[in-house]
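Written as C-alpha coordinates, this is what we have:
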(Lines of atoms letter the chains of each structure in order from A and count residues from 1; the text may use other names and numbers.)
(Lines give C-alpha, C1' and ligand atoms only; values in the text may rest on other atoms or scores of the structure.)
Protein backbone atom coordinates (compact mmCIF):
# COMPACT_ATOMS: atom_id res chain seq x y z
CA UNK A 1 0.00 0.00 0.00
CA UNK A 2 1.43 3.36 -1.04
CA UNK A 3 1.51 6.02 1.65
CA UNK A 4 0.69 9.66 1.11
CA UNK A 5 1.65 11.78 4.11
CA UNK A 6 -0.22 15.03 4.66
CA UNK A 7 1.01 17.37 7.37
CA UNK A 8 -1.52 19.66 8.99
CA UNK A 9 0.15 22.18 11.26
CA UNK A 10 -1.80 24.64 13.32
CA UNK A 11 0.41 27.64 13.97
CA UNK A 12 -1.25 30.07 16.29
CA UNK A 13 -0.57 33.01 14.00
CA UNK A 14 -2.74 34.95 11.63
CA UNK A 15 -1.04 35.22 8.26
CA UNK A 16 2.69 35.85 8.33
CA UNK A 17 2.58 38.41 11.11
CA UNK A 18 2.08 37.95 14.81
CA UNK A 19 -1.13 39.72 15.75
CA UNK A 20 -3.69 39.77 18.52
CA UNK A 21 -6.78 39.50 16.33
CA UNK A 22 -9.04 36.47 16.03
CA UNK A 23 -10.83 34.27 18.54
CA UNK A 24 -9.43 32.07 21.29
CA UNK A 25 -6.35 31.03 19.33
CA UNK A 26 -4.61 29.79 22.49
CA UNK A 27 -6.96 26.79 22.61
CA UNK A 28 -6.60 24.36 19.75
CA UNK A 29 -7.99 20.86 19.49
CA UNK A 30 -7.87 18.32 16.69
CA UNK A 31 -6.63 14.78 16.30
CA UNK A 32 -7.72 13.88 19.82
CA UNK A 33 -5.43 16.27 21.67
CA UNK A 34 -5.13 19.99 22.34
CA UNK A 35 -2.61 22.59 23.46
CA UNK A 36 -3.34 25.70 25.48
CA UNK A 37 -0.95 28.52 26.26
CA UNK A 38 -0.22 28.59 30.00
CA UNK A 39 1.93 30.83 32.20
CA UNK A 40 4.00 33.39 30.35
CA UNK A 41 5.06 36.07 32.82
CA UNK A 42 5.36 39.67 31.63
CA UNK A 43 3.97 40.06 28.11
CA UNK A 44 3.54 42.93 25.70
CA UNK A 45 0.02 41.70 24.91
CA UNK A 46 -1.25 38.91 27.22
CA UNK A 47 -4.37 38.38 25.08
CA UNK A 48 -2.48 36.88 22.16
CA UNK A 49 -2.58 33.16 21.42
CA UNK A 50 1.21 33.01 21.42
CA UNK A 51 3.93 33.91 23.92
CA UNK A 52 4.47 37.65 23.45
CA UNK A 53 7.23 37.94 26.05
CA UNK A 54 8.96 41.07 27.31
CA UNK A 55 12.38 40.15 28.72
CA UNK A 56 15.70 41.69 29.74
CA UNK A 57 19.28 40.50 29.07
CA UNK A 58 20.37 37.77 31.49
CA UNK A 59 16.79 37.00 32.60
CA UNK A 60 15.57 33.46 33.31
CA UNK A 61 11.88 32.66 32.97
CA UNK A 62 9.59 29.64 32.97
CA UNK A 63 6.65 29.37 30.59
CA UNK A 64 4.04 26.60 30.52
CA UNK A 65 1.56 24.94 28.20
CA UNK A 66 -1.44 22.72 28.99
CA UNK A 67 -1.42 19.54 26.93
CA UNK A 68 -4.71 17.63 26.97
CA UNK A 69 -5.64 14.11 25.82
CA UNK A 70 -9.27 14.03 24.72
CA UNK A 71 -9.33 10.36 23.75
CA UNK A 72 -10.11 7.16 25.68
CA UNK A 73 -6.61 5.76 25.31
CA UNK A 74 -3.08 6.74 26.26
CA UNK A 75 -1.26 8.93 23.74
CA UNK A 76 2.28 10.18 23.24
CA UNK A 77 3.08 13.69 22.04
CA UNK A 78 6.54 14.79 20.89
CA UNK A 79 7.58 18.33 21.77
CA UNK A 80 10.38 20.48 20.37
CA UNK A 81 11.64 24.05 20.43
CA UNK A 82 12.34 25.64 17.03
CA UNK A 83 14.07 28.85 16.03
CA UNK A 84 12.19 30.66 13.29
CA UNK A 85 13.70 31.06 9.81
CA UNK A 86 12.50 32.19 6.39
CA UNK A 87 11.39 29.29 4.20
CA UNK A 88 11.52 28.88 0.41
CA UNK A 89 8.05 30.45 0.07
CA UNK A 90 9.26 33.71 1.59
CA UNK A 91 7.44 33.18 4.89
CA UNK A 92 8.57 33.15 8.52
CA UNK A 93 8.58 29.44 9.42
CA UNK A 94 7.79 28.12 12.92
CA UNK A 95 7.54 24.40 12.16
CA UNK A 96 11.11 23.18 11.76
CA UNK A 97 14.77 23.97 12.27
CA UNK A 98 16.61 25.55 9.36
CA UNK A 99 19.27 23.53 7.58
CA UNK A 100 21.54 26.51 8.13
CA UNK A 101 20.89 29.78 9.95
CA UNK A 102 22.03 33.19 8.80
CA UNK A 103 25.40 34.36 10.11
CA UNK A 104 23.79 37.47 11.60
CA UNK A 105 21.68 35.40 14.04
CA UNK A 106 23.54 35.51 17.37
CA UNK A 107 20.95 33.88 19.68
CA UNK A 108 18.85 30.86 18.68
CA UNK A 109 15.75 29.98 20.72
CA UNK A 110 16.33 26.23 20.55
CA UNK A 111 19.71 26.80 22.21
CA UNK A 112 18.47 28.96 25.12
CA UNK A 113 15.17 27.19 25.92
CA UNK A 114 15.19 23.93 27.88
CA UNK A 115 12.20 21.58 28.12
CA UNK A 116 11.59 20.05 31.55
CA UNK A 117 10.42 16.84 29.85
CA UNK A 118 12.54 16.27 26.76
CA UNK A 119 11.09 14.48 23.74
CA UNK A 120 7.91 12.43 24.04
CA UNK A 121 5.27 13.14 26.71
CA UNK A 122 2.76 10.41 27.62
CA UNK A 123 -0.79 11.26 28.69
CA UNK A 124 -3.34 8.87 30.17
CA UNK A 125 -6.79 8.77 28.60
CA UNK A 126 -8.94 11.85 29.21
CA UNK A 127 -6.16 13.65 31.09
CA UNK A 128 -4.10 16.80 30.89
CA UNK A 129 -0.58 17.79 31.87
CA UNK A 130 1.19 21.10 32.39
CA UNK A 131 4.54 21.23 30.60
CA UNK A 132 7.32 23.66 31.46
CA UNK A 133 10.03 25.31 29.39
CA UNK A 134 12.83 27.44 30.85
CA UNK A 135 14.23 30.41 28.94
CA UNK A 136 17.72 31.66 29.81
CA UNK A 137 18.57 34.86 27.96
CA UNK A 138 22.30 35.60 27.55
CA UNK A 139 23.55 38.85 29.03
CA UNK A 140 24.82 39.98 25.62
CA UNK A 141 21.57 39.31 23.74
CA UNK A 142 20.96 42.11 21.19
CA UNK A 143 18.04 44.53 21.45
CA UNK A 144 15.11 43.51 19.27
CA UNK A 145 13.12 40.34 18.56
CA UNK A 146 13.86 36.64 19.04
CA UNK A 147 11.37 34.35 17.33
CA UNK A 148 10.56 30.65 17.39
CA UNK A 149 7.98 28.14 18.58
CA UNK A 150 7.02 25.34 20.95
CA UNK A 151 6.07 22.53 18.60
CA UNK A 152 3.86 19.48 19.30
CA UNK A 153 3.32 16.36 17.18
CA UNK A 154 1.17 13.44 18.29
CA UNK A 155 2.81 10.02 18.06
CA UNK A 156 1.47 7.04 16.06
CA UNK A 157 -0.86 8.87 13.69
CA UNK A 158 -1.87 5.90 11.53
CA UNK A 159 -2.61 5.75 7.82
CA UNK A 160 -6.12 5.22 6.49
CA UNK A 161 -6.71 3.13 3.35
CA UNK A 162 -8.59 4.51 0.36
CA UNK A 163 -10.55 2.67 -2.35
CA UNK A 164 -7.59 2.89 -4.73
CA UNK A 165 -5.24 1.24 -2.24
CA UNK A 166 -3.54 4.48 -1.31
CA UNK A 167 -2.74 5.06 2.35
CA UNK A 168 -3.31 8.63 3.52
CA UNK A 169 -1.54 9.73 6.68
CA UNK A 170 -2.66 13.05 8.10
CA UNK A 171 -0.35 14.35 10.79
CA UNK A 172 -1.89 16.87 13.16
CA UNK A 173 0.70 19.18 14.73
CA UNK A 174 0.49 22.39 16.76
CA UNK A 175 3.00 25.22 16.83
CA UNK A 176 2.82 27.82 19.62
CA UNK A 177 4.98 30.78 18.56
CA UNK A 178 7.38 32.34 21.05
CA UNK A 179 8.22 35.99 20.49
CA UNK A 180 10.73 37.57 22.86
CA UNK A 181 11.19 41.34 22.78
CA UNK A 182 14.43 42.52 24.36
CA UNK A 183 14.22 46.26 25.01
CA UNK A 184 12.22 47.59 22.07
CA UNK A 185 11.68 46.96 18.38
CA UNK A 186 14.62 48.17 16.29
CA UNK A 187 14.15 51.73 14.95
CA UNK A 188 14.73 50.82 11.29
CA UNK A 189 14.91 47.56 9.28
CA UNK A 190 17.62 46.67 6.78
CA UNK A 191 18.00 44.26 3.87
CA UNK A 192 21.03 43.20 1.81
CA UNK A 193 21.39 41.41 -1.53
CA UNK A 194 24.16 38.93 -0.74
CA UNK A 195 24.67 36.78 -3.84
CA UNK A 196 23.12 35.32 -7.00
CA UNK A 197 23.13 31.61 -7.84
CA UNK A 198 21.72 29.32 -10.49
CA UNK A 199 19.58 26.68 -8.84
CA UNK A 200 16.19 25.05 -8.44
CA UNK A 201 12.96 26.41 -6.96
CA UNK A 202 10.53 23.51 -6.60
CA UNK A 203 12.30 21.74 -9.49
CA UNK A 204 12.08 24.84 -11.71
CA UNK A 205 15.22 26.33 -13.23
CA UNK A 206 15.85 29.64 -11.49
CA UNK A 207 18.29 32.44 -10.85
CA UNK A 208 18.18 32.92 -7.07
CA UNK A 209 18.97 36.22 -5.37
CA UNK A 210 19.82 35.76 -1.68
CA UNK A 211 18.25 38.57 0.38
CA UNK A 212 19.39 38.96 3.98
CA UNK A 213 17.44 40.48 6.87
CA UNK A 214 20.40 41.17 9.16
CA UNK A 215 18.35 42.75 11.96
CA UNK A 216 16.54 41.19 14.99
CA UNK A 217 13.13 42.08 13.59
CA UNK A 218 10.24 40.23 11.95
CA UNK A 219 9.56 41.92 8.61
CA UNK A 220 6.11 41.57 7.03
CA UNK A 221 4.20 42.89 4.00
CA UNK A 222 7.21 42.63 1.70
CA UNK A 223 6.97 42.89 -2.09
CA UNK A 224 9.75 41.51 -4.32
CA UNK A 225 10.26 42.70 -7.93
CA UNK A 226 13.13 41.07 -9.83
CA UNK A 227 14.39 40.83 -13.41
CA UNK A 228 17.38 39.30 -15.18
CA UNK A 229 19.14 40.78 -18.22
CA UNK A 230 22.30 40.06 -20.15
CA UNK A 231 25.16 42.09 -18.67
CA UNK A 232 25.21 45.49 -20.37
CA UNK A 233 21.75 45.03 -21.93
CA UNK A 234 18.35 46.48 -21.04
CA UNK A 235 16.37 43.63 -22.61
CA UNK A 236 14.55 41.69 -19.88
CA UNK A 237 15.08 37.95 -20.25
CA UNK A 238 13.21 36.76 -17.15
CA UNK A 239 11.26 38.40 -14.33
CA UNK A 240 9.25 37.60 -11.21
CA UNK A 241 7.08 39.45 -8.69
CA UNK A 242 5.69 38.37 -5.32
CA UNK A 243 3.90 40.28 -2.55
CA UNK A 244 2.73 39.56 0.98
CA UNK A 245 6.05 37.94 1.93
CA UNK A 246 7.68 37.96 5.37
CA UNK A 247 11.16 37.38 6.76
CA UNK A 248 12.10 36.04 10.18
CA UNK A 249 14.62 37.97 12.28
CA UNK A 250 18.25 37.56 11.17
CA UNK A 251 17.45 35.26 8.27
CA UNK A 252 17.93 35.04 4.51
CA UNK A 253 15.74 34.10 1.58
CA UNK A 254 16.56 33.20 -2.02
CA UNK A 255 14.10 35.02 -4.29
CA UNK A 256 13.65 33.04 -7.54
CA UNK A 257 13.46 34.31 -11.09
CA UNK A 258 12.23 31.32 -13.12
CA UNK A 259 13.51 30.51 -16.60
CA UNK A 260 10.24 28.76 -17.47
CA UNK A 261 10.56 26.86 -20.78
CA UNK A 262 13.92 28.46 -21.62
CA UNK A 263 17.18 26.60 -21.18
CA UNK A 264 19.86 28.01 -18.91
CA UNK A 265 22.87 29.22 -20.90
CA UNK A 266 26.38 30.07 -19.83
CA UNK A 267 27.16 33.78 -19.81
CA UNK A 268 27.28 37.02 -17.85
CA UNK A 269 24.03 38.43 -16.51
CA UNK A 270 22.65 41.19 -14.26
CA UNK A 271 20.10 40.50 -11.50
CA UNK A 272 18.02 43.60 -10.61
CA UNK A 273 15.87 43.52 -7.48
CA UNK A 274 13.59 45.92 -5.65
CA UNK A 275 12.07 45.06 -2.27
CA UNK A 276 9.29 47.23 -0.83
CA UNK A 277 8.40 47.08 2.87
CA UNK A 278 4.97 48.20 4.04
CA UNK A 279 5.32 46.74 7.51
CA UNK A 280 3.26 48.99 9.83
CA UNK A 281 5.99 48.92 12.50
CA UNK A 282 8.05 51.34 10.40
CA UNK A 283 7.62 53.89 7.65
CA UNK A 284 7.39 52.44 4.13
CA UNK A 285 10.80 51.72 2.70
CA UNK A 286 12.31 50.18 -0.41
CA UNK A 287 15.69 48.79 -1.42
CA UNK A 288 17.12 48.52 -4.96
CA UNK A 289 20.11 46.52 -6.13
CA UNK A 290 21.80 45.51 -9.37
CA UNK A 291 24.29 42.67 -9.15
CA UNK A 292 26.26 41.03 -11.97
CA UNK A 293 26.72 37.27 -11.94
CA UNK A 294 28.21 34.59 -14.17
CA UNK A 295 26.71 31.23 -15.13
CA UNK A 296 29.24 28.61 -16.18
CA UNK A 297 28.59 25.91 -18.76
CA UNK A 298 28.62 23.28 -15.98
CA UNK A 299 26.07 25.20 -13.87
CA UNK A 300 23.75 25.65 -16.85
CA UNK A 301 23.91 21.97 -17.79
CA UNK A 302 23.30 20.94 -14.18
CA UNK A 303 20.04 22.86 -13.67
CA UNK A 304 18.81 21.99 -17.17
CA UNK A 305 19.13 18.30 -16.28
CA UNK A 306 17.61 18.63 -12.79
CA UNK A 307 14.46 20.54 -13.78
CA UNK A 308 11.13 18.71 -14.03
CA UNK A 309 8.15 19.30 -16.36
CA UNK A 310 10.52 21.16 -18.63
CA UNK A 311 10.80 20.77 -22.41
CA UNK A 312 13.97 19.07 -23.53
CA UNK A 313 16.41 21.19 -25.54
CA UNK A 314 16.13 20.76 -29.29
CA UNK A 315 18.60 18.20 -30.57
CA UNK A 316 21.08 19.60 -33.07
CA UNK A 317 22.68 17.61 -35.92
CA UNK A 318 26.41 17.05 -35.33
CA UNK A 319 28.74 18.98 -37.64
CA UNK A 320 30.50 15.82 -38.80
CA UNK A 321 27.19 14.36 -39.97
CA UNK A 322 26.33 17.53 -41.90
CA UNK A 323 29.71 17.42 -43.69
CA UNK A 324 29.31 13.71 -44.48
CA UNK A 325 25.80 14.18 -45.90
CA UNK A 326 27.01 17.13 -47.99
CA UNK A 327 29.85 15.09 -49.48
CA UNK A 328 27.50 12.20 -50.29
CA UNK A 329 24.97 14.61 -51.77
CA UNK A 330 27.51 16.31 -54.04
CA UNK A 331 28.88 12.93 -55.09
CA UNK A 332 25.40 11.68 -55.98
CA UNK A 333 24.61 14.80 -58.02
CA UNK A 334 27.96 14.58 -59.85
CA UNK A 335 27.35 10.91 -60.68
CA UNK A 336 23.85 11.69 -61.94
CA UNK A 337 25.15 14.49 -64.21
CA UNK A 338 27.90 12.21 -65.57
CA UNK A 339 25.37 9.48 -66.44
CA UNK A 340 23.03 11.91 -68.24
CA UNK A 341 25.86 13.52 -70.24
CA UNK A 342 27.27 10.08 -71.22
CA UNK A 343 23.88 8.92 -72.56
CA UNK A 344 23.49 12.07 -74.67
CA UNK A 345 26.95 11.55 -76.23
CA UNK A 346 26.17 7.94 -77.15
CA UNK A 347 22.94 9.00 -78.90
CA UNK A 348 24.81 11.58 -80.98
CA UNK A 349 27.34 8.98 -82.03
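Residue numbers (mature numbering (1 follows the signal peptide of the UniProt record, and there is no 0)): -20 to -1, 1 to 329. Positions of the beta carbon are idealized from the N, C-alpha and C atoms, including for glycine.
{"Query": "Three-state secondary structure assigned by DSSP to residue 280", "Result": "helix"}
{"Query": "Reduced DSSP category for residue 274 - H, G, I as helix; E, B as strand; rest coil", "Result": "strand"}
{"Query": "Short Cβ contact (8 Å threshold) for residue 174 with residue 232", "Result": "yes"}
{"Query": "Cross-strand partners of residue 159 (DSSP beta bridge)", "Result": "32 and 127"}
{"Query": "Those runs of the alpha helix (DSSP H) which lie wholly inside the region 62 to 126 and span at least 4 residues", "Result": "89 to 92"}
{"Query": "Buried or exposed (CB count within 10 angstroms, at least 16 for buried), residue 236", "Result": "buried"}
{"Query": "Three-state secondary structure assigned by DSSP to residue 220", "Result": "strand"}
{"Query": "Opposing strand residues paired with residue 247 [DSSP bridges]", "Result": "275"}
{"Query": "Buried versus exposed call for residue 135 [16 or more other C-beta atoms within 10 Å across all chains shown]", "Result": "exposed"}
{"Query": "Whole-angstrom distance between residue 155 and residue 75, CA atom to CA atom", "Result": "7 Å"}
{"Query": "Where residue 53 falls: helix, strand or coil (DSSP)", "Result": "coil"}
{"Query": "Where the beta strand (DSSP E) through residue 177 begins and ends", "Result": "171 to 181"}
{"Query": "Between the CA atoms of residue 52 and residue 197 - distance to the nearest angstrom", "Result": "44 Å"}
{"Query": "Sufficient close CB pairs (3 or more, under 8 Å) joining the region 115 to 128 to the region 34 to 50", "Result": "yes"}
{"Query": "C-beta atoms of residue 77 and residue 94 nearer than 8 Å", "Result": "no"}
{"Query": "Pick from 217, 190, 158 and 286 that is closest to residue 247, judged by C-alpha positions", "Result": "217"}
{"Query": "Pick from 11, 56, 185 and 114 that is closest to residue 44, judged by C-alpha positions", "Result": "114"}
{"Query": "Straight-line gap, residue 54 to residue 253 (C-alpha atoms, nearest Å)", "Result": "53 Å"}
{"Query": "Alpha carbon of residue 257 to alpha carbon of residue 187, nearest angstrom", "Result": "22 Å"}
{"Query": "Under 8 Å between C-beta atoms of residue 226 and residue 250", "Result": "no"}
{"Query": "Residue 111 and residue 96 closer than 8 Å at C-beta", "Result": "yes"}
{"Query": "Closest by C-alpha distance to residue 255, when choosing among 245, 116 and 224", "Result": "224"}
{"Query": "Cut-off 7 Å between Cβ atoms - residues of its own chain near residue 116, not counting five sequence neighbours on either side", "Result": "40 and 92"}
{"Query": "Residue interval of the beta strand (DSSP E) (run including residue 213)", "Result": "First-last for residue 213: undefined, no H or E at that position."}
{"Query": "Beta-carbon proximity of residue 47 to residue 103, cut-off 8 Å", "Result": "yes"}
{"Query": "Rounded Cβ spacing between residue 129 and residue 49 (contact assumed at less than 8 Å)", "Result": "So it is not a contact: roughly 21 Å between Cβ atoms."}
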